[in-house]
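Notes follow the structure.
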Amino acid sequence: MKSVEDLGDLSGKRVVIRCDFNVPLDGETITDDGRIKAALPTLEQLHQAGARTTVLAHLGRPKGAVDPKFSLAPVAKRLGELMGLDIKLASDVVGPSAQRTSAYLKDGEIALVENVRFEKGETSKDEAERTELAKKYASFGDFYVSNGFGVVHRKQASVYDIAKLLPSAAGSLVEKEVKVLEGLTDDPKRPFVVVLGGAKVADKLAVIDNLLKVADTLVIGGGMAFTFIKAEGNEVGRSLVDDDSIEAVRGYLAQAEAAGKKILLPVDVRVSDAIDFGAHTVGEIDVVAANEIPVSMMGLDIGPQTEKLYADAIRSAASVFWNGPMGVFEIKGLEEGTRAVAQALTEVKGLSVVGGGDSASAVRSLGFADDQFGHISTGGGASLELMEGKELPGIAVLKESN
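Given below as structure tokens:
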């Protein structure tokens, strides 16, 4: 992939950049600006170079129609605060306001157009429809920079199709993400430990399959752990189980044993007989052995003994990749497993990588700072697909760009 430096002197040149500003909102208040901060180095580079920069980004899932609650106005405000600049925001995506806002930029100025997902063509499966929209995006610039790692696994107009129309390069964020994550699958420092959590084991089957080939130890937590526990023939009560994945899980357990690799499962879990996920409330929490979950109980977090087991495995690693919380960390009393894993990652002497998504939100909500980890990915889905060994459309098209 070309880098921004490879585009030459950008003073006075018009640059279109795709960023991932899909940040969580409480009303109009951004509750986690990590993705905006991650984009700053490349945006600052363009600003300092004197480029006239038009930013493409999305927020939420407005499904191809204008929806004011998904406006990028809070993003434009926060970006302006972080950069100390007046960031202009067009009132549409490719209409008169966007055309005018982009055309009147001066050297070093930055503007956002509105949420690209207000346009139906952005996420269309029809290549011709996406290309027509991409041509309108391309009219904003002489060059295209891809800096939204959280969307490079999508074949979308502002990610893939525009890169076919303009000389293109990867921003520093995308460059770093690819370098770190491909390094883990191609030549990790050992021992290499992979920690996987989250709710659904089906979402992680492909990554388990690929990482069993390169990881020394797989650590399993979150809701997906109960499918593994059941696959070993144990009672899991009312815990979340993906019955369709049990045979695949048994295969992975046998495969790991045959290859001399470890798959660590919980030895104890926090359980309750009552939880309201919407209201973020839980009944009385108890700790039981992972293979003795009462039929009336639901496993909701790893237990204290498992925390120590997992933390010891993580701290002994030379490189660690973590994706998915260990429990329902949003509810008080069920965050301790995720906290223990996060703390252990901060104590790794080698490379510790937090694989985006819920894991990134969890570490920040639990009070950890980004610089306590080797790398926090900005893309949960993209990082997982890269770790699966998949070719990501938004990366492949950059490698093909002249």
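Sequential numbering from 0 applies to the sequence shown in numbering that gives the first Met the number 0. A virtual CB, placed ideally from N, CA and C, is assigned to each residue, including glycine. Just so we're clear, the structure is a prediction, and the values are computed from it rather than from any experiment.
Fill in: For residue 149, three-class secondary structure by DSSP
helix
Worksheet item: When DSSP builds the beta bridges, which residues end up paired with residue 142?
Response: The partner list for residue 142 (beta bridge, DSSP) reads 14.
Practice prompt. Quick one: grab the DSSP three-state call for residue 113.
Written response: coil
Practice prompt. Counting only the same chain and skipping the five closest in sequence on each side, list residues whose C-beta sits under 7 Å from that of residue 302.
Written response: So the qualifying residues of the chain are 265, 267, 268, 269, 286.
Worksheet item: Taking the Cβ atom as the reference point for each residue, do residue 162 and residue 400 lie within a distance shorter than 8 Å?
Response: yes
Discussion item. Once the 5 residues before and after residue 251 are set aside, which same chain residues still bring their CB inside 6 Å of it?
Written reply: 207
Worksheet entry | Strand pairing of residue 298, partner residues [DSSP] | 270
Worksheet item: How do the region 33 to 47 and the region 69 to 83 stand: do at least 3 beta-carbon pairs fall below 8 Å, yes or no?
Response: yes
Worksheet item: In chain order, what residues of the same chain have a beta carbon less than 6 Å from the beta carbon of residue 6, not counting five sequence neighbours either side?
Response: Cβ within range, chain order: 142, 168.
Item to complete: Enumerate in chain order the residues of its own chain whose CB-to-CB distance from residue 112 is below 6 Å, with the five nearest sequence positions on each side excluded.
Response: 89, 92, 97, listed in sequence order.
Worksheet item: Who are the Cβ neighbours of residue 50 in its own chain at under 6 Å, not counting the five residues just before and after it?
Response: 9, 12, 14
Item to complete: Taking the CB atoms as reference points, tell me whether residue 181 and residue 377 lie closer together than 8 Å.
Response: Not a contact, by the Cβ cut-off of 8 Å.
Discussion item. What residue range does the beta strand (DSSP E) around residue 404 cover?
Written reply: Residue 404 lies beyond the range of the chain shown here (0 to 401); nothing can be said about it.
Item to complete: With DSSP collapsed to three states, give me the class of residue 162.
Response: helix
Discussion item. What does DSSP give as the partner residue(s) for residue 234 in the beta ladder?
Written reply: 291
Item to complete: Drop a sphere of 10 angstroms on the beta-carbon of residue 103, count the other beta-carbons inside from all chains shown, and report buried for 16 or more, exposed for fewer.
Response: exposed
Practice prompt. Look at the alpha carbon of residue 367 and the alpha carbon of residue 253, and state the distance between them as a whole number of angstroms.
Written response: 36 Å
Worksheet item: Considering only residues of the same chain and omitting the five flanking positions on each side of residue 147, which have a CB-CB separation below 6 Å?
Response: 17, 18, 19
Worksheet item: What's the C-alpha gap between residue 331 and residue 280?
Response: 8 Å
Discussion item. Can you list, in chain order, the residues of its chain with a C-beta nearer than 7 Å to that of residue 347? Leave out the 5 residues immediately preceding and following it.
Written reply: Closer than 7 Å at Cβ, skipping near neighbours: 313, 314, 316, 319.
Practice prompt. For the beta strand (DSSP E) holding residue 168, just list the boundary residues, first then last.
Written response: For residue 168, the enclosing beta strand (DSSP E) stretches over residues 167 to 169.
Worksheet item: To which residues of the same chain is residue 345 closer than 8 Å at the C-beta, ignoring the five residues directly before and after it?
Response: 351, 367, 371, 372
Worksheet item: According to the Cβ coordinates, are residue 173 and residue 145 closer than 8 Å?
Response: yes
Item to complete: Classify residue 330 as helix, strand or coil using the three-state DSSP reduction.
Response: coil
Worksheet item: If you compare alpha carbons, which of 154, 204, 135 is closest to residue 388?
Response: 204
Worksheet item: Taking residue 355 as the reference, which of 342, 384, 336, 329 has the closest Cα?
Response: 384
Discussion item. Between residue 299 and chain C, is any beta-carbon pair separated by less than 8 Å?
Written reply: Absent from the structure is chain C; it holds one protein chain and no more.
Fill in: Spatially closest choice to residue 28 from 294, 70, 40, 381, by CA coordinates
70
Worksheet item: Which whole-angstrom value describes the C-beta separation of residue 300 and residue 197, a residue pair presumed to lie in contact below a C-beta threshold of 8 Å?
Response: Their Cβ separation, rounded to whole angstroms, is 13 Å, which puts residue 300 and residue 197 out of contact at 8 Å.
Practice prompt. Just grab the DSSP bridge partners of residue 394 for me.
Written response: For residue 394, which the question treats as bridged, DSSP gives no partner whatsoever.
Discussion item. Please give me, in chain order, every unbroken run of the beta strand (DSSP E) with length at least 3 that falls completely inside the region 32 to 83.
Written reply: Look at the region 32 to 83 and you find these whole runs of beta strand (DSSP E), each 3 residues long or longer: 51 to 55.
Discussion item. With a threshold of 7 Å on Cβ separation, who are the neighbours of residue 61 within its own chain once the five nearest residues in sequence on each side are excluded?
Written reply: Excluding sequence neighbours, residue 61 sits near 69, 114, 116, 117.
Practice prompt. Would you decide whether residue 99 is buried or exposed? Buried here means 16 or more other CB atoms lie within 10 Å of its CB.
Written response: exposed
Worksheet entry | Residues that DSSP places opposite residue 263 in a beta bridge | 218
Worksheet item: What's the call for residue 276, buried or exposed, on a 16-neighbour Cβ count within 10 Å?
Response: exposed
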